[in-house]
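Trainee: Counting along the sequence shown from 1, when you hit position 175 you're at 175 in the UniProt record's numbering, and nothing is skipped either side.
Quick one: the structure is below, and I'll ask about it shortly.
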Amino acid sequence: MPERSQNSYPLLREFREFYAEIARLRQIAEGSRAGGQATPGLRQASVAAATPEADGAGGVSLAIETDDAVASRVWYEMTRYLDHKMYEVKAAASSFSHDILDQMLYIMAAYADETFLCLVEWSGKDYWSDRLMELRLFRSQVAGQEIFRRIDRLLARQDYGTEELAAVYLMTLALGFKGQYLREPNSIEIYRRKLFDRLLLTNPDLGWDGRRIFPEAYRHTVTEGAPVKMPEPKKWWGVVAAIVGAWLIVSTIAWLVVVGPTRKNLSVTRHALAVVTSQHSTAETTAKWSSLVFEQQGDAFQLPLPATLSVKRTATGNVVAPLLIGVEVSGGNSTASRIKEWLSSGLSRFPINPYSAAAQTKSVASVQQVSTPDGITAGDTTSFFLVDPGLSAQDLALHPTLTFPSRESAGAAAVTLSIPDRTPVATP
């Protein structure tokens, strides 16, 4: 069909897909006759297929025999294709769509039967004649007459809503369907002309004798003048290579000129960062520690906390950072767990203020054992712990005293608070 028919008729598109399937199966059938052997997929012991009910009239249980593998395969694949189309007919949303799709399915079944009974010379004719698609799907064997009766009814209608179906019938006849007019080619030609004239009513361009199926092929045709050879491409390739090479050289030089100052600045910056990092590392390694000794007064080790302790920022505000506490055990007969438990019982005591309702003491929040820090010299009997006093920056401003009870000292002989002194030491 011309260009508009191919793009405007979805039923024609479906019929072309159906004919592509027919052509594929026809090639299998004719190939088996010519080659004398079935394709590798045909040498199976048996193939069984159960087909769904057609139009609600009760299905037919089908068993594909193995006496003719080619015929059974071609027939089975065609039933599977048409069964899918039958499902689309049943799923049609409207009665009009259902009627159109039902007629399409009938045309496909009739054309498949005639193709493999009359148009193809192969060994499966007898097999196919016992299993007609029309009989299986529509419970009838009158497609040779019924197709032309339906064409007559379509041509007699005055509306043009069935233009697509007329195009499908025209394509069916053009592809070789003859039905009852198998030996009357003139009758087939009359029907084809009637259908074509019907399509002319809605698409007058079909009657233009100068219409071409592929007009683009004629737009640049040379009709006069001597033939001119294309220029020799070798010299053009040389010109292109020279241009690309010159562009690469110029762009490289320009890039070096542009990024030269930047690369120099980056080199200076890297050198400065190396110097700063070296100085920072030296300062870290030469850091010193200041030690404050807890005094044992009465039944407790006590130390007024200095106001210069480190403070860290948290989600709830500024709090005093954990304190590095060193505990020297007499005789070394106490375990780290006992010392940790003893430190956990520590309290921060505040000076008595009769005008404040705030708590007079706060317990230690947590205790964690750590290894001996760099820069601190200690004996084997001394252990170090990070003690979180649980104080805020405001609490530190009240000059609290950190106290650990000596009666539960777990054998502690001396307790010290180590404070880091981060002042860098000059290096040569």
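Note that the Cβ used here is the ideal one computed from N, Cα and C, for glycine as well.
Just list the residues that DSSP pairs ILE325 with in beta bridges.
Mentor: Reading the sequence shown from its first residue, position 325 is the one you call residue 325. Answer is PHE385 and LEU417, bridged to ILE325.
Trainee: Starting from ASN318, trace the alpha helix (DSSP H) both ways and give me its first and last residue.
Mentor: To locate residue 318, count along the sequence shown from 1; it is residue 318. Taken as a continuous stretch (DSSP letters only), ASN318 belongs to no alpha helix (DSSP H), being part of the beta strand (DSSP E) at 317–320.
Trainee: Keeping to the same chain, check which residues put their C-beta closer than 7 Å to that of HIS98; ignore five residues upstream and five downstream.
Mentor: Counted from its first residue, the sequence shown places residue 98 at position 98. So the list reads VAL89 and ALA92, once near-sequence residues are dropped.
Trainee: Considering only the alpha carbon of each residue, which of ALA365, PRO351 and LYS264 lies closest to residue 430?
Mentor: There is no way to answer for residue 430, as the model of the chain reaches only from 1 to 428.
Trainee: Helix, strand or coil for ALA412? Go by DSSP, reduced to three states.
Mentor: Position 412 of the sequence shown, counted from the start, is the residue given in the question as residue 412. Correct three-state label for ALA412: strand.
Trainee: Give every residue of the same chain whose Cβ lies closer than 7 Å to the Cβ of TYR106, excluding the five residues on either side of it in the sequence, and list them in chain order.
Mentor: Numbered from its first residue, the sequence shown carries residue 106 at position 106. PHE138.
Trainee: From residue 429 to LEU12, what does the alpha carbon distance come to, in whole angstroms?
Mentor: Lying outside 1 to 428, the shown extent of the chain, residue 429 is not represented and no answer is given.
Trainee: How long is the line joining the alpha carbons of PRO351 and ASP380, rounded to whole angstroms?
Mentor: By one-based count along the sequence shown, residue 351 stands at place 351. By one-based count along the sequence shown, residue 380 stands at place 380. Approximately 36 Å, taken between the alpha carbons.
Trainee: Would you call the CB atoms of GLY179 and ALA143 closer than 9 Å?
Mentor: Sequence index remark: in the sequence shown, residue 179 carries index 179 (1-based). Sequence index remark: in the sequence shown, residue 143 carries index 143 (1-based). Cβ atoms of GLY179 and ALA143: closer than 9 Å.
Trainee: Taking the beta carbon of TRP247 as the centre, do at least 16 other beta carbons fall within 10 Å, making it buried, or is it exposed?
Mentor: By 1-based counting over the sequence shown, the position of residue 247 is 247. Flag for TRP247 reads exposed.
Trainee: Looking at C-alpha atoms only, which residue of GLU121, MET86, VAL120 and SER95 is the closest neighbour of MET104?
Mentor: Your numbering for residue 104 matches position 104 in the sequence shown. Closest by alpha carbon: MET86.
Trainee: Look at the alpha carbon of SER129 and the alpha carbon of MET78, and state the distance between them as a whole number of angstroms.
Mentor: Position 129 of the sequence shown, counting from 1, holds the residue named residue 129. Position 78 of the sequence shown, counting from 1, holds the residue named residue 78. Spanning the two alpha carbons is a distance of roughly 14 Å.
Trainee: With distance defined between alpha-carbon atoms, name the residue in ALA378, LEU402 and GLN141 nearest to PRO304.
Mentor: Along the sequence shown, one-based indexing puts residue 304 at 304. For PRO304, the nearest C-alpha among the options comes from LEU402.
Trainee: Report yes if the CB atom of TYR111 is closer than 9 Å to the CB atom of PHE18, and no otherwise.
Mentor: Position 111 of the sequence shown, counting from 1, holds the residue named residue 111. Position 18 of the sequence shown, counting from 1, holds the residue named residue 18. Contact flag set, yes.
Trainee: Taking its Cβ as the centre, do 16 or more other Cβ atoms sit within 10 Å of LYS312, making it buried, or is it exposed?
Mentor: Against the sequence shown, residue 312 aligns to sequence position 312. Classification for LYS312: exposed.
Trainee: What would DSSP say about TRP236, mapped onto helix, strand or coil?
Mentor: Taking the sequence shown and counting its residues from 1, the one referred to as residue 236 is at position 236. Looking at TRP236 - three-state DSSP - the assignment turns out to be helix.
Trainee: Counting only runs of 4+ residues fully inside the stretch 156–204, write out the alpha helix (DSSP H) ranges in chain order.
Mentor: Here the runs fully enclosed are 163–174 and 185–200.
Trainee: Under 7 Å Cβ to Cβ from TYR81, same chain only, skipping five residues before and after it: list those, please.
Mentor: As a position in the sequence shown, residue 81 is number 81, starting the count at 1. Only GLU21 meet the Cβ criterion.
Trainee: In or out: TRP255 buried (at least 16 other Cβ within 10 Å) or exposed?
Mentor: Numbered from 1 along the sequence shown, position 255 holds the residue referred to as residue 255. It is exposed - the Cβ of TRP255 has fewer than 16 other Cβ atoms within 10 Å.
Trainee: Distance, Cα to Cα, TYR181 vs MET230?
Mentor: Taking the sequence shown and counting its residues from 1, one reaches residue 181 at position 181. Taking the sequence shown and counting its residues from 1, one reaches residue 230 at position 230. C-alpha separation (whole angstroms): 56 Å.
Trainee: Since ASN318 and SER392 should fall inside the 8 Å C-beta cutoff, what is the C-beta to C-beta distance between them, to a whole number of angstroms?
Mentor: Translated into positions along the sequence shown, residue 318 becomes position 318. Translated into positions along the sequence shown, residue 392 becomes position 392. About 7 Å; that satisfies the 8 Å criterion.
Trainee: Start and end of the beta strand (DSSP E) containing SER348?
Mentor: As a position in the sequence shown, residue 348 is number 348, starting the count at 1. Residues 347–349.
Trainee: Helix, strand or coil: which one does DSSP assign to GLN141?
Mentor: In the sequence shown, residue 141 corresponds to position 141, counting from 1. Reduced to three states, the DSSP call for GLN141 is coil.
Trainee: In terms of DSSP beta bridges, what is LEU303 paired with?
Mentor: Walking along the sequence shown from the start, residue 303 turns up at place 303. According to DSSP, which records beta bridges pairwise, LEU303 is partnered with LEU402.
Trainee: Taking TRP289 as part of the beta strand (DSSP E), name the residues at either end of that continuous run.
Mentor: Here residue 289 refers to the residue found at position 289 when the sequence shown is read from its first residue. Run containing TRP289: 288–293, per the beta strand (DSSP E) assignment.
Trainee: With distances taken between CB atoms, is the gap from ARG26 to LEU119 smaller than 9 Å?
Mentor: Taking the sequence shown and counting its residues from 1, one reaches residue 26 at position 26. Taking the sequence shown and counting its residues from 1, one reaches residue 119 at position 119. Cβ distance < 9 Å, so ARG26 and LEU119 count as in contact.
Trainee: Using DSSP bridges, identify the partner residues of ARG313.
Mentor: Reading the sequence shown from its first residue, position 313 is the one you call residue 313. DSSP output for ARG313 lists ASN318 as bridge partner(s).
Trainee: Rounded to whole angstroms, what's the CA-CA distance from GLU164 to ASP205? Just pull it up for me.
Mentor: Here residue 164 is taken as the residue at index 164 of the sequence shown, counted from 1. Here residue 205 is taken as the residue at index 205 of the sequence shown, counted from 1. For GLU164 and ASP205, the distance between alpha carbons rounds to 16 Å.
Trainee: With a threshold of 8 Å on Cβ separation, who are the neighbours of LEU199 within its own chain once the five nearest residues in sequence on each side are excluded?
Mentor: Counting from 1 along the sequence shown, the entry for residue 199 is found at position 199. Excluding positions up to five away in sequence, the list reads SER5, GLU163, ALA166, ALA167, LEU170 and LEU206.
Trainee: Any idea which residues DSSP pairs VAL370 with across the strands?
Mentor: Reading the sequence shown from its first residue, position 370 is the one you call residue 370. Note: VAL370 sits in a beta bridge opposite PHE384.
Trainee: If you reduce the DSSP assignment to three classes, tell me which class ALA274 lands in.
Mentor: The residue labelled residue 274 in the question sits at position 274 within the sequence shown. Here ALA274 sits in helix by DSSP.
Trainee: Does the distance from the CB of SER291 to the CB of THR382 come in under 9 Å?
Mentor: The residue you call residue 291 lines up with position 291 of the sequence shown. The residue you call residue 382 lines up with position 382 of the sequence shown. Not closer than 9 Å, so no.
Trainee: Assuming SER363 is part of the beta strand (DSSP E), what are its boundary residues?
Mentor: Start at 1 with the first residue of the sequence shown, and residue 363 comes out as number 363. Counting along the chain, the beta strand (DSSP E) containing SER363 begins and ends at 361–363.
Trainee: Between GLY124 and ARG193, what straight-line distance do the alpha-carbon atoms span, to the nearest angstrom?
Mentor: By one-based count along the sequence shown, residue 124 stands at place 124. By one-based count along the sequence shown, residue 193 stands at place 193. Between GLY124 and ARG193, the C-alpha separation is close to 34 Å.
Trainee: Under the rule that 16 or more other beta-carbon atoms within 10 Å means buried, what is VAL257, buried or exposed?
Mentor: What you label residue 257 is simply residue 257 of the sequence shown in a count that begins at 1. It is exposed - the Cβ of VAL257 has fewer than 16 other Cβ atoms within 10 Å.
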